[in-house]
Amino acid sequence: MRGIGFRSEALSSHFVCPSCCTRLTGDGYLRWYTVRPGHRARFVAQQSRKLSTGAYSPWSFKRLKTAWNASKLKDPEGSEPPFLLQALSFNLDTHRRTEADLKRQDGRPYKTFTTELMDTYYSMEDGILDYFDRENPDMVVYAFLGPEQIQSITYNLPDSAFAVALSLLTPSHFIEPHKKLHRRFHPAVAHAKGYKTLEVTFDEFKRVLHFAVEKRRGAGFKLGISEYTHLLDCARSMGDADMADCLWHDMRVDGIEPNTACYNHCMEAKAWHHAYVSKEKFNLRFTPWVYRKRSYSDKNVGYQGYSTAGENSVRQQVLRLFDEMVSSGQKPDEATYVNVMIASSREGHIVAVENVLKTVWNIDVELILTREDPANIPPVTQFNPTDPLHPTSRILYAVSHIFGSNNDLSTALRLVDFISTHYKIPIPDSVWLELIEWAYVLSVKRWGPRAEENSVGKVPKETVKRLFDTMTSSPYNVKPTLPLYDMLISTSWSRCNLDDTLKYMREGYALFQESLRRRNTAKYAFVDHLLNFLPEKIRTQVTLKNNYQRLITNLQKSGLGARMGNYTSAPLDPVARNEAIREAKRAQYQLDLANRLMPYWREEAKAKETGMAPSYLNRRWVRRQLSRLNAIEAEDPMDPDLANDTEEVDTPAVSLSMIKEYRAMKAAFNLEQLNTSRDASFIERWVRLLIVGRRWVPDTDRWERQLLPRFLREWEAFLPENVYYKTRGGIVEFLPISFWPHGKRERPEKGVTDRELGLYDSDEGVLLTDYFEIIGERPNARLDDSHDTEFYELDAARTY
6 MRGIGFRSEA LSSHFVCPSC CTRLTGDGYL RWYTVRPGHR ARFVAQQSRK LSTGAYSPWS
66 FKRLKTAWNA SKLKDPEGSE PPFLLQALSF NLDTHRRTEA DLKRQDGRPY KTFTTELMDT
126 YYSMEDGILD YFDRENPDMV VYAFLGPEQI QSITYNLPDS AFAVALSLLT PSHFIEPHKK
186 LHRRFHPAVA HAKGYKTLEV TFDEFKRVLH FAVEKRRGAG FKLGISEYTH LLDCARSMGD
246 ADMADCLWHD MRVDGIEPNT ACYNHCMEAK AWHHAYVSKE KFNLRFTPWV YRKRSYSDKN
306 VGYQGYSTAG ENSVRQQVLR LFDEMVSSGQ KPDEATYVNV MIASSREGHI VAVENVLKTV
366 WNIDVELILT REDPANIPPV TQFNPTDPLH PTSRILYAVS HIFGSNNDLS TALRLVDFIS
426 THYKIPIPDS VWLELIEWAY VLSVKRWGPR AEENSVGKVP KETVKRLFDT MTSSPYNVKP
486 TLPLYDMLIS TSWSRCNLDD TLKYMREGYA LFQESLRRRN TAKYAFVDHL LNFLPEKIRT
546 QVTLKNNYQR LITNLQKSGL GARMGNYTSA PLDPVARNEA IREAKRAQYQ LDLANRLMPY
606 WREEAKAKET GMAPSYLNRR WVRRQLSRLN AIEAEDPMDP DLANDTEEVD TPAVSLSMIK
666 EYRAMKAAFN LEQLNTSRDA SFIERWVRLL IVGRRWVPDT DRWERQLLPR FLREWEAFLP
726 ENVYYKTRGG IVEFLPISFW PHGKRERPEK GVTDRELGLY DSDEGVLLTD YFEIIGERPN
786 ARLDDSHDTE FYELDAARTY
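All the letters of the sequence shown, read from the start, carry residue numbers 6 to 805 under our numbering.
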């Protein structure tokens with residue numbers, strides 16, 4: 006990385022994002038009439054031991070206005086789903102509830118398998134400690150929001166025990182994974198694909214915390230320093246300065262003295278206030294325009310986070326906290342000075358950033374940039390590795406973000422390299438992603454009336470590729486991701502470089518295949534666990550259908566009988582091609598065999614219910630097999646007790662361990678599902694760039710008549726629903742549904758939805774339909790096509 010220095014500007018997204026919540030409602034404790042628009046009142050359910058909470062500051066639940074949630078709020082007096090039924094599984098579902106769902110359900114929560122069976126579970130045999138599982142934090146939500154019997158124990162725990170329990174609602178588990186996935190997942194695309202935006206995820210987590218705090222205070226307890234530190238950490242993770250201010254006021258009311266961690270969390274919440282949702286995350290770069298827009302008292306959409314002017318500017322707020330921290334005797338650490346530097350950089354005060362680096366760590370930015378000989382640069386201040394001021398990867402990320410966002414990418418690269426070398430800190434992937442993201446933004450050509458202003462710090466387009474080559478080669482060997490390839494492909498597309506564009510697209514597709522395999526592993530593990538809750542009869546049919554769907558998938562992957570193959574990989578050599586053909590023929594044979602044997606299985610199942618002899622008994626091969634079985638039974642007769650035992654095996658009783666496993670599996674699957682859907686949206690975008698608005702080669706005829714049709718065939722699974730492009734001879738327009746299977750795009754990211762098993766529906770067919778939707782089945786697939794893999798493997802394959 007040494008020696009790679011380029012001037013730069015920047016605009017980028019980051020991890021943390023604000024919680025922009027609607028007002029809290031539900032479950033009888035908080036009513037709509039107490040939170041009417043324009044009022045900031047809070048109703049607290051007081052129990053036997055009453056505690057006056059009038060002095061506490063009400064949490065702000067004002068929704069942030071964006072282009073994707075600007076719809077008017079419903080009538081406050083209208084019917085709303087109970088809070089607990091939604092919040093209890095808030096982290097188990099990444100799909101949003103559409104307006105059609107709300108209208109169809111008449112405002113009531115959908116009674117799913119989870120809410121009816123899992124979320125009402127309670128057993129006197131379970132101890133409260135069984136719910137506080139640090140290895141499975143998803144179960145902790147159940148202790149705070151579950152049945153009243155569990156809540157009564159949780160909210161009356163001793164202070165130390167409650168602090169530990171509350172700390173299990175950790176943002177590293179409930180917030181950080183979603184922030185990482187949504188960093189380059191545009192909120193409009195996420196909404197269009199049916200997923201919750203990051204705002205909604207933060208809103209739901211904040212509601213859970215608010216409910217827990219109110220219930221604890223309603224039980225007659227005050228929060229201690231541990232609880233406040235954890236809540237401020239949650240506000241920091243969500244970038245919610247309003248929540249941090251409310252908690253800071255409540256600490257004063259309760260007489261709690263903040264510690265260093267509290268000050269650091271509050272500073273970071275202010276420095277990243279409203280910085281990671283919607284359009285806010287795209288307006289972090291310092292330019293005169295952004296500075297002016299953030300200085301207004303009534304800010305526009307996209308600039309409603311931290312302020313940049315006046316006494317309430319982000320820098321002034323953080324410096325006041327720093328002065329208060331020092332005067333109270335608390336010692337600053339690395340995180341403290343990092344927050345001070347970031348707050349100063351928000352207003353373009355780079356001199357203050359350089360002063361902090363020079364004073365604390367003796368890192369002279371000016372000398373590092375002007376002197377090429379390292380011997381002429383003063384040595385840095387050395388700290389014991391256990392010292393709170395010893396630099397870590399936190400400072401690497403800070404300098405990359407600070408100087409990148411202030412249009413100086415070369416300084417960011419030099420400082421990251423200098424600090425990493427002198428303090429022997431490995432450069433993490435997050436720092437590389439931040440650097441290459443700023444390089445990508447600064448390489449984009451600017452247009453419009455502010456083009457000159459926005460072109461400050463512009464870097465060559467080759468910078469992105471050079472940074473990518475550096476990070477993926479020795480000694481760094483960073484594994485690339487789909488977001489990295491997205492920036493590379495956009496850059497090569499803008500340079501009309503067809504070879505690089507296709508190369509990166511195919512490499513990105515290989516990573517997408519890895520995401521699919523991880524998603525499928527989590528999916529099948531989750532589905533297999535769900536089968537334990539089904540009745541035996543239904544379980545057999547579901548397993549049958551699932552096995553058949555896997556056969557179809559394997560056949561499609563083999564390419565046998567497909568009208569168009571997948572050309573995203575290089576041609577196979579003769580030996581590998583012959584092996585692929587053998588595998589394809591084997592898959593085709595299994596599928597044909599299953600189709601022939603399934604009528605016999607269905608007739609036998611019908612015979613067990615009606616007592617009528619199945620028609621296949623008249624077949625010659627069946628009579629021959631029955632004769633053999635009768636001869637065997639004559640030699641070794643079956644036990645009469647076993648023959649008369651026809652009692653149906655019931656589903657196993659639900660236990661706490663099953664619920665833990667269910668919640669952990671579904672949360673893991675949802676993250677993989679969200680990651681796969683985001684990656685699929687990247688590839689769909691690349692395909693659109695490939696066919697729209699470019700002439701990739703000088704020979705127009707070759708492009709229009711040979712290359713472009715070949716590309717359309719190669720990437721047909723990711724084509725838009727309406728393909729439209731211009732040629733010299735006219736306009737080409739067609740609908741891919743004409744050759745897509747079943748007349749629609751087979752979305753590889755489709756999987757388990759939030760509509761789970763409807764076990765309380767008396768119609769068995771509806772149950773099976775719902776379950777097949779869970780396992781990713783096509784809506785028009787029929788049960789008649791089902792088969793059981795083990796059935797034909799045991800005996801029938803030998804007959805044919």
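Backbone N, C-alpha and C fix where the C-beta goes; we use that ideal spot for every residue, glycine too.
- By the CB criterion at 8 Å, R399 and H354 fall outside the cutoff.
- Rounded to the nearest angstrom, the gap between the Cα atoms of S497 and T506 is 6 Å.
- Within the model, the alpha-carbon separation for S410 versus F287 is close to 11 Å.
- By the beta-carbon neighbour count (other beta carbons within 10 angstroms, threshold 16), E285 is buried.
- A direct Cα-to-Cα measurement between V218 and N389 gives close to 39 Å.
- S660 has its alpha-carbon roughly 51 Å from the corresponding atom of S312.
- Contact between the segment 160-169 and the segment 256-276 is not established, with fewer than three Cβ pairs separated by less than 8 Å.
- Distance from the CA atom of S177 to the CA atom of M476, rounded to whole angstroms, is 26 Å.
- Taking C-beta atoms as the reference points, K275 and A246 count as a pair closer than 8 Å.
- Looking at the DSSP output, F739 bridges to V728.
- Residue pairing by DSSP places H100 opposite Y200 in a beta bridge.
- Assignment of C267 by DSSP, reduced to helix, strand and coil, places it in the helix class.
- Residue nearest to Q309 within the set V295, H279, R325 is H279 (criterion: CA-CA distance).
- D328 sits in a helix when the DSSP states are folded into three classes.
- Inter-segment contact for the segment 372-390 and the segment 431-443 is absent: fewer than three beta-carbon pairs are separated by less than 8 Å.
- Per DSSP, G734 lies in no alpha helix (DSSP H) segment and is marked neither H nor E.
- The beta carbon of L186 sits closer than 8 Å to the beta carbons of L676, L679, N680, R683 from its chain, once the five residues preceding and following it are set aside; these are given in chain order.
- Boundaries cannot be given for K304, as no alpha helix (DSSP H) includes it and DSSP labels it neither H nor E.
- Taking a C-beta distance under 8 Å as the contact criterion, I373 and L420 qualify as a contact pair.
- The segment 518-535 makes no contact with the segment 464-483, as fewer than three CB pairs between them are under 8 Å.
- For C501, no alpha helix (DSSP H) run applies, since DSSP gives it neither H nor E.
- The closest CA to that of Y445, considering only N459, W452, E467, is found on E467.
- Judged by beta-carbon spacing, N502 lies beyond the 8 Å limit of M663, meaning their Cβ atoms are not closer than that value.
- Rounded to whole angstroms, A197 and S686 show a C-alpha spacing of 11 Å.
- The beta carbons of L724 and V692 sit closer together than 8 Å.
- The same chain holds no residue with a CB closer than 7 Å to that of R591 once the five nearest residues on each side in sequence are set aside.
- Per DSSP, R683 is one residue of the alpha helix (DSSP H) stretching across 661-696.
- The segment 293-310 makes no contact with the segment 197-210, as fewer than three CB pairs between them are under 8 Å.
- Within a 10 Å sphere around the beta-carbon of K220 sit 16 or more other beta-carbons, which makes this residue buried.
- By the criterion of a C-beta distance shorter than 7 Å, S349 is surrounded in its chain by R320, A357, V358, once the five residues flanking it on both sides are discounted.
- If you draw a straight line from the Cα of S231 to the Cα of L171, it comes to about 9 Å.
- In this structure L440 does not touch L487 by the C-beta definition: roughly 18 Å separates them, more than the 8 Å allowed.
- Comparing alpha carbon positions, the residue from T99, G307, V145 closest to K665 is V145.
- Rounded to whole angstroms, the separation of the alpha carbons of N412 and L717 is 39 Å.
- The DSSP-derived three-state label of D706 is helix.
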